[in-house]
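Below is one structure, written out as structure tokens; comments come after it.
2 protein chains.
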Amino acid sequence: MRIEIWSDVVCPWCYIGKRRLEKALGSFPGKEDVEIVWRSFQLDPSAPAIPVETVAESLGRKYGGGVEGGKQMIDRVEAVAAEEGLLFRHHASLRVSTVDAHRVLHLALETGGPELQGRLKEALLAAYFIETENVADHDTLARIAVAAGLDEARVRAVLATDEYADAVEADVREAAALGATGVPFYVVDRKYGISGAQSPEVFADVLEKAWNEAHPKLDLVGGGDADACGPDGCAI
Amino acid sequence: MRIEIWSDVVCPWCYIGKRRLEKALGSFPGKEDVEIVWRSFQLDPSAPAIPVETVAESLGRKYGGGVEGGKQMIDRVEAVAAEEGLLFRHHASLRVSTVDAHRVLHLALETGGPELQGRLKEALLAAYFIETENVADHDTLARIAVAAGLDEARVRAVLATDEYADAVEADVREAAALGATGVPFYVVDRKYGISGAQSPEVFADVLEKAWNEAHPKLDLVGGGDADACGPDGCAI
Numbered sequence: 001m002r003i004e005i006w007s008d009v010v011c012p013w014c015y016i017g018k019r020r021l022e023k024a025l026g027s028f029p030g031k032e033d034v035e036i037v038w039r040s041f042q043l044d045p046s047a048p049a050i051p052v053e054t055v056a057e058s059l060g061r062k063y064g065g066g067v068e069g070g071k072q073m074i075d076r077v078e079a080v081a082a083e084e085g086l087l088f089r090h091h092a093s094l095r096v097s098t099v100d101a102h103r104v105l106h107l108a109l110e111t112g113g114p115e116l117q118g119r120l121k122e123a124l125l126a127a128y129f130i131e132t133e134n135v136a137d138h139d140t141l142a143r144i145a146v147a148a149g150l151d152e153a154r155v156r157a158v159l160a161t162d163e164y165a166d167a168v169e170a171d172v173r174e175a176a177a178l179g180a181t182g183v184p185f186y187v188v189d190r191k192y193g194i195s196g197a198q199s200p201e202v203f204a205d206v207l208e209k210a211w212n213e214a215h216p217k218l219d220l221v222g223g224g225d226a227d228a229c230g231p232d233g234c235a236i
Numbered sequence: 001m002r003i004e005i006w007s008d009v010v011c012p013w014c015y016i017g018k019r020r021l022e023k024a025l026g027s028f029p030g031k032e033d034v035e036i037v038w039r040s041f042q043l044d045p046s047a048p049a050i051p052v053e054t055v056a057e058s059l060g061r062k063y064g065g066g067v068e069g070g071k072q073m074i075d076r077v078e079a080v081a082a083e084e085g086l087l088f089r090h091h092a093s094l095r096v097s098t099v100d101a102h103r104v105l106h107l108a109l110e111t112g113g114p115e116l117q118g119r120l121k122e123a124l125l126a127a128y129f130i131e132t133e134n135v136a137d138h139d140t141l142a143r144i145a146v147a148a149g150l151d152e153a154r155v156r157a158v159l160a161t162d163e164y165a166d167a168v169e170a171d172v173r174e175a176a177a178l179g180a181t182g183v184p185f186y187v188v189d190r191k192y193g194i195s196g197a198q199s200p201e202v203f204a205d206v207l208e209k210a211w212n213e214a215h216p217k218l219d220l221v222g223g224g225d226a227d228a229c230g231p232d233g234c235a236i
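These protein sequences, in sequence, are chains A and B. Just so we're aligned: 10 in the UniProt record's numbering is position 10 of the first sequence, and the numbers increase by one with no gaps anywhere. Just so we're aligned: 67 in the UniProt record's numbering is position 67 of the second sequence, and the numbers increase by one with no gaps anywhere.
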């Protein structure tokens, strides 16, 4: 089974949804056969590579109320994150571009498969939401990526060029084609879509459903009486 | 889309079914995305590596009527083959083991993918049913395989050992697990089974059905109101 998750590194509900899916997977009997691939989504493509404000400041500016108003808007998501064991400091997160982080996530998938990519995704989310690191900064990205197990020279080479930018764009286009208007957006075996940080129970139900369908009895088509050859000879 | 076809090199309905499937594929809009993999099936595992009789002689011996009786049994399948443009001389085909041919078909798949394997499968069927060649003979197999594009040294090395014998056995076991009692047996996307040389119309229907299911609209699970982040911000 394959779960593709469209997600952004700066999306709080994506990190919360990750924990809820992990909770569902923890008690799912088929978990060894579940492969998770992280897909790129840019919530805020106009966010700068060099930060000029925090998310709280940005929200306060956009919706009014200043930095205090922005912090209040973040309070609820921080409270929900805490219920999942995530001690966000999202009020202090920087508003930054995530395209470079996504390019490195593609490098991780290509060079180390879903396992390496999964480690990097977790590390980037933790860096952004808990450590309030600047995940657009190339030195920061390289440090996080190398700690997750990527090759530093390859990471630096990707960051110095626009490698994987087309893969990031392709992911964003595909999300739209699949009907995703926001993230997290989960696609199970290209069959089921799940929008938003749903409860572990919703994830568990879909996992079980998809699992049963991935191990089907064949549906025999066209009847069993067409000419064929068998152990007792051919229909000749 | 992936079509796996369990088939034997000495199975007349398999060759006829191949033409019927090809007819259906010829007018199928998604044909560029269809991959065909040939799986091994041994109709007559006790057939000798060194031939001692023709198929007509074998049938006459088994069902009575001698070689003439055997030939009459083959008449119908030759007539149906002719309708598909196949000028069988099956009455003169030798009763031989096909395990070595199947081992080389596995080599073709592993080294050259479905395209090379497909060329070899067609060549082996033509050699057996039209040229009445001995497809158990190693020199004959090597000549056919090399003409199809395989590397002669690798073919000879496989024939000199029991390489891929386990793969042949695994295919045979899998056919039984999927419910196939004879061949040709077609499995489309591990979802639909088709038993026997069905008509092009049956194949066309299954191709269309499987195609639509391989390009699904996602089934959105759990409702659309879970917390998420979108272009206008996060639900915070």
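For every residue, glycine included, the Cβ atom is placed at its ideal position computed from N, Cα and C. This structure is a prediction, so every number in the text was calculated from the model and none was measured.
key: Contacting residues, own chain, Cβ-Cβ under 7 Å from residue 218 of chain B (five flanking each side not counted)   = Excluding residues within five positions, none has a Cβ falling inside 7 Å.
ask   = Is the beta carbon of residue 197 of chain B sitting closer than 9 Å to the one on residue 228 of chain A?
value = For residue 197 of chain B and residue 228 of chain A, yes; Cβs fall inside 9 Å.
ask   = Do three or more CB pairs link the region 16-34 of chain A to the region 182-198 of chain A at distances below 8 Å?
value = They touch, by the three-pair rule.
key: Chain-ordered neighbours of residue 178 of chain B on chain A, where CB pairs are closer than 7 Å   = By Cβ distance, chain A contributes 218.
inquiry  = I need the straight-line Cα distance from residue 232 of chain B to residue 178 of chain A, nearest angstrom please.
reply    = Their backbone Cα atoms lie some 19 Å apart in a straight line.
message = Once DSSP output is grouped into helix, strand and coil, what is the label at residue 189 of chain A?
response = Three-state DSSP puts residue 189 of chain A in coil, outside helix and strand.
inquiry  = Does the region 105-115 of chain A come into contact with the region 70-82 of chain A, if we say contact requires no fewer than three beta-carbon pairs (one atom in each stretch) closer than 8 Å?
reply    = The region 105-115 of chain A vs the region 70-82 of chain A: no contact.
inquiry  = Against chain B, does residue 170 of chain A count as a neighbour if the rule is that its beta carbon must be under 9 Å from one of theirs?
reply    = With a threshold of 9 Å between beta carbons, residue 170 of chain A makes no contact with chain B.
request  = With 7 Å as the limit, tell me which residues of the region 181-198 of chain A have their beta carbon closer than that to any beta carbon of chain B; keep them in chain order.
outcome  = Taken in chain order, the members of the region 181-198 of chain A whose beta-carbon sits within less than 7 Å of a beta-carbon on chain B are 181, 182, 183, 184, 187, 190, 191, 192, 193, 194, 195, 196, 197, 198.
The region 55-88 of chain A: positions lying closer than 7 Å to chain B by Cβ = Within the region 55-88 of chain A, the residues whose Cβ lies closer than 7 Å to any Cβ of chain B are, in chain order, 73, 74, 76, 77.
ask   = Terminal residues of the continuous alpha helix (DSSP H) containing residue 166 of chain B?
value = Where residue 166 of chain B is concerned, the enclosing alpha helix (DSSP H) starts and stops at 165-177.
query = Within 10 angstroms of its Cβ, does residue 186 of chain A collect 16 or more other Cβ (buried), or is it exposed?
reply = Label assigned to residue 186 of chain A: buried.
ask   = Is the CB of residue 16 of chain A under 9 Å away from at least one CB in chain B?
value = Residue 16 of chain A counts as touching chain B.
Residue from A/182, A/206, A/207, A/97 whose Cα sits closest to the Cα of residue 133 of chain A = Measuring from the Cα of residue 133 of chain A, the nearest candidate turns out to be A/97.
query = Using a C-beta to C-beta distance shorter than 7 Å, which residues of chain B count as neighbours of residue 275 of chain A?
reply = Because chain A here runs from 1 to 236, residue 275 of chain A falls outside it and cannot be looked at.
request  = Return the residue from the list B/220, B/205, B/173 that minimises the CA-CA distance to residue 210 of chain A.
outcome  = Selected option, being the one with the closest Cα: B/220.
task = Return the chain-ordered list of same chain residues with a C-beta closer than 6 Å to the C-beta of residue 71 of chain A, the five sequence neighbours on each side being excluded.
result = Only residues of its own chain outside the window of five on either side were considered, and among them 56, 91 have a CB closer than 6 Å to the CB of residue 71 of chain A, listed in chain order.
ask   = Between residue 87 of chain A and the rest of its own chain, which residues show a CB-CB distance below 7 Å, the 5 nearest in sequence each way excluded?
value = Cβ within range, chain order: 130.
task = Check residue 58 of chain B in the structure and name its three-state DSSP category.
result = For residue 58 of chain B, the secondary structure class from DSSP, reduced to helix, strand or coil, is helix.
C-beta contact flag for residue 223 of chain A and residue 43 of chain A at 9 Å = The Cβ atoms of residue 223 of chain A and residue 43 of chain A lie no closer than 9 Å to each other.
9 Å Cβ cutoff, residue 13 of chain A in contact with chain B = By this cut-off, residue 13 of chain A is an interface position.
key: Residues sharing a beta bridge with residue 219 of chain B, DSSP   = Looking at the DSSP output, residue 219 of chain B sits in a beta bridge with A/192.
ask   = Does residue 23 of chain B have its Cβ less than 9 Å from a Cβ in chain A?
value = No, no contact with chain A.
Reduced DSSP secondary structure (H/G/I, E/B, other) of residue 39 of chain A = Strand at residue 39 of chain A.
request  = For residue 133 of chain A, name the three-state secondary structure that DSSP assigns.
outcome  = DSSP places residue 133 of chain A in the coil class of the three-state scheme, outside both helix and strand.
request  = Identify whether residue 144 of chain A lies in helix, strand or coil by the three-state DSSP scheme.
outcome  = Looking at residue 144 of chain A - three-state DSSP - the assignment turns out to be helix.
message = I'd like the span of the alpha helix (DSSP H) that includes residue 19 of chain A, first residue to last.
response = Run containing residue 19 of chain A: 12-26, per the alpha helix (DSSP H) assignment.
task = Check the Cβ of residue 30 of chain A against every Cβ in chain B and list those closer than 7 Å, keeping chain order.
result = Neighbours of residue 30 of chain A across chain B, judged by C-beta separation under 7 Å, do not exist; the nearest C-beta is about 16 Å away.
inquiry  = Tell me the rounded alpha-carbon separation between residue 23 of chain B and residue 84 of chain B.
reply    = Inter-residue distance for residue 23 of chain B and residue 84 of chain B is about 9 Å (C-alpha atoms, whole angstroms).
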